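Read left to right, the sequence shown gives residues 35 to 218 (this note's numbering).
From the three backbone atoms N, C-alpha and C, an ideal C-beta is built for every residue, glycine too.
Please read these numbers as outputs of a predicted model, since none were measured by experiment.
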Amino acid sequence: MNKLVFPLLAIAFFANPLLANAAEREEPYGGKCLYINEENEEQSFQNCKVNVHQGNIIINFDKEQYQGENQNIVAKSVAEIASGAYATKLLSDSGSLVSGILLGPINLVGKIFKPDRDYQQYILQYAGNGGAKTATILNINRSDAPEFQQELSLLTGKLITFREGQTRTTVDIGPDIDDVKHIK
Numbered sequence: 035m036n037k038l039v040f041p042l043l044a045i046a047f048f049a050n051p052l053l054a055n056a057a058e059r060e061e062p063y064g065g066k067c068l069y070i071n072e073e074n075e076e077q078s079f080q081n082c083k084v085n086v087h088q089g090n091i092i093i094n095f096d097k098e099q100y101q102g103e104n105q106n107i108v109a110k111s112v113a114e115i116a117s118g119a120y121a122t123k124l125l126s127d128s129g130s131l132v133s134g135i136l137l138g139p140i141n142l143v144g145k146i147f148k149p150d151r152d153y154q155q156y157i158l159q160y161a162g163n164g165g166a167k168t169a170t171i172l173n174i175n176r177s178d179a180p181e182f183q184q185e186l187s188l189l190t191g192k193l194i195t196f197r198e199g200q201t202r203t204t205v206d207i208g209p210d211i212d213d214v215k216h217i218k
């Protein structure tokens, strides 16, 4: 019996990373990503491809003229992921850190960040170069959104917040402790 258990454990141990890499999506996610050029005071959404790959979130703009602002975000540096109503609130709240990061440096407060109906909007707050807090906005095609959300959550270890104060997001984690206390 012991001779059979050890090989099975070894296979399970070594197969897990291989299966995780096999589950990664081959093609990047299409969408529109926030392009900011502080020097020219330009801020707009441009067509992009987003790869969630080997511990990184890689953002590549389609057009060559924007590729100087391509990003490689280390997944471990992501502090928060917001989407839906909560993402809209973060952008519209003048006191929020995200609003200050994205709207403050360029001072284009009049710019409205409203995603097209064909896209699901995500705000990623993360530690950039030197540990400074920064953020970006990704608008991913709605048809790819469920798969993107799952990959993003698995890679970063963060749940995506859709409403302020919501603790259950992409995965239902079960009943609240208070609910369990009342069941006797």
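*Note the first and the last residue of the continuous alpha helix (DSSP H) segment covering Ser187.*
Ala179 to Thr190
*Kindly confirm or deny that the stretch 71-78 and the stretch 160-175 touch, where touching means at least three C-beta pairs closer than 8 angstroms.*
Taking 8 angstroms as the limit for Cβ pairs, the verdict is that the stretch 160-175 does not touch the stretch 71-78.
*Measure the alpha-carbon distance for Phe196 versus Ile157 and round it to whole angstroms.*
11 angstroms
*Taking Gln159 and Glu114 to be in contact with their CB atoms under 8 angstroms, please state how far apart those CB atoms are, rounded to whole angstroms.*
4 angstroms between Cβ atoms; contact.
*Whose C-alpha, out of Asn175, Leu193, Pro62 and Gln184, is nearest the C-alpha of Asn94?*
Pro62
*Run through DSSP, which three-state label would Leu68 get?*
DSSP places Leu68 in strand when its eight states are reduced to three.
*If you draw a straight line from the alpha carbon of Lys110 to that of Leu188, how long is it in whole angstroms?*
Roughly 11 angstroms separates the two Cα atoms.
_Three-state secondary structure (DSSP) of Glu60_ = In this structure, Glu60 counts as coil in the three-state DSSP scheme.
*Could you tell me which residues DSSP pairs with Phe196 in its beta bridges?*
Per DSSP, none; premise fails for Phe196.
*For my contact list, Val112 and Leu172 are in at a C-beta cut-off of 8 angstroms; report their separation, rounded to the angstrom.*
Between Leu172 and Val112 the Cβ distance is about 12 angstroms, and since that is not below 8 angstroms, they are no contact.
*asked:* Taking the alpha carbon of Gln184 as the reference point, which residue from Asn175, Ile194 and Arg176 has its own alpha carbon closest?
replied: Ile194
*For Ile70, which of Asp96, Ile91, Gln88 and Tyr100 has the nearest alpha-carbon?*
Tyr100
*Is Lys66 closer than 9 angstroms to Tyr120 when the C-beta atoms are compared?*
no
*Would you tell me roughly how many angstroms separate the C-alpha atoms of Pro180 and Glu98, rounded to the nearest one?*
29 angstroms
*Residue from Gln155, Ile107, Val108 and Asp150 whose Cα sits closest to the Cα of Leu125*: Gln155
*Coarse secondary structure for Gln222, derived from DSSP in three states*: Look at the range of the chain in this structure, 35 to 218, and you will see that residue 222 is not part of it.
*Specify the secondary structure class of Asn175 as computed by DSSP and reduced to three states.*
strand
*Is the CB-CB distance between Gly64 and Asp178 below 9 angstroms?*
yes
*Cut-off 8 angstroms between Cβ atoms - residues of its own chain near Ser117, not counting five sequence neighbours on either side*: Gln154, Gln155, Tyr156, Ile157, Gln183, Ile194, Thr195 and Phe196
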